[in-house]
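Each protein sequence line maps, in turn, to chains A and B.
If you're matching positions, the first sequence starts at 8 in the working numbering and goes up one per residue.
If you're matching positions, the second sequence starts at 13 in the working numbering and goes up one per residue.
Quick reminder that beta carbons are idealized off the backbone N, C-alpha and C, glycines included.
These numbers were taken from a predicted model, which means no experiment stands behind them.
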Amino acid sequence: DTEVTQTPKHLVMGMTNKKSLKCEQHMGHRAMYWYKQKAKKPPELMFVYSYEKLSINESVPSRFSPECPNSSLLNLHLHALQPEDSALYLCASSRGGLQPQHFGDGTRLSIL
Amino acid sequence: KQEVTQIPAALSVPEGENLVLNCSFTDSAIYNLQWFRQDPGKGLTSLLLIQSSQREQTSGRLNASLDKSSGRSTLYIAASQPGDSATYLCGKTSYDKVIFGPGTSLSVIP
């Protein structure tokens, strides 16, 4: 069982929909991350939150909007996505810095 | 630009064989090197982390080594089993960023 929980596991949405991905960890980690992974490719970093503040945004389009309501939760709000945004979205957490990152099982997102 | 490469891209071995997966990277700045396993459609499972000051880590049948001078890490899997079939990714961690290699897809044939 993973210590980082992501919901939903699967999501199918149209290009005009608004939906949110959720991530939760109870390991007391101060850093949380969103990654995007396309098929047969490695994960690519999207956002990093450190102490509930956005510290890294890897030039992600504004149709992806992250939110960190508290130290245990991380959301990714989705709006007006494109078919090329279909991917596996992974959440991770760590103590920060050089400490190991722990990953959830991801949300498989399909845009129709 | 930091780059992480892995060879081979794919590997198929009979059960019981010992095998080595390779990871190479540019830029010798302070970092940790983390090895992950990913099963199809799943998230990443951390296998081993080697800190910048260390040379190797072991966990069960897995041994990972790090040579900073040459920019290389290897993951050694002893006595491979069909359950080891997965994609193995190495990741170079430098202050809140992990840069992943493209992965090695491993198939262990019973």
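Okay, do the segment 15–23 of chain B and the segment 55–69 of chain B touch, 3+ Cβ pairs below 8 angstroms being the bar?
-> no
With DSSP as the reference, label residue 104 of chain A as helix, strand or coil.
-> coil
Selection of the segment 41–62 of chain B by Cβ proximity to chain A, strictly under 8 angstroms | 42, 43, 44, 46, 48, 53, 54, 55, 56, 57, 58, 61
Look up residue 8 of chain A in the DSSP assignment and say whether it is helix, strand or coil.
-> Low confidence applies here, because residue 8 of chain A scores a pLDDT of 49, under 50, leaving its location unreliable and the question unanswered by this model.
CB of residue 18 of chain A within 7 angstroms of CB of residue 116 of chain A, strictly | yes
Could you tell me which uninterrupted beta strand (DSSP E) segments, each at least 3 residues in length, are contained entirely in the segment 68–101 of chain B, listed from first to last along the chain?
-> 68–71, 74–79, 84–89
Answer yes or no: does any C-beta atom of chain B fall closer than 7 angstroms to that of residue 110 of chain A?
-> yes
Spell out a yes or no on whether the segment 94–107 of chain A and the segment 31–40 of chain A are touching, meaning 3 or more CB-CB pairs, one atom from each, closer than 8 angstroms.
-> yes
Would residue 55 of chain A count as contacting chain B if we go by Cβ distances under 7 angstroms?
-> yes
Any idea what DSSP makes of residue 90 of chain A, helix, strand or coil?
-> helix
Three CB pairs or more closer than 8 angstroms across the segment 73–92 of chain B and the segment 29–47 of chain B = yes
What is the rounded straight-line gap between the Cα of residue 96 of chain B and the Cα of residue 56 of chain B?
-> 14 angstroms
Which class does residue 22 of chain B belong to by DSSP, given the choice of helix, strand or coil?
-> strand
In DSSP terms, what residue 36 of chain B is bridged to | B/17, B/84
One or two residues paired with residue 36 of chain A in a DSSP bridge | DSSP output for residue 36 of chain A lists no bridge partner at all.
Mind listing the chain B neighbours of residue 105 of chain A? Cutoff is C-beta to C-beta under 8 angstroms, in chain order.
-> 42, 43, 44, 63, 64, 105, 106, 107
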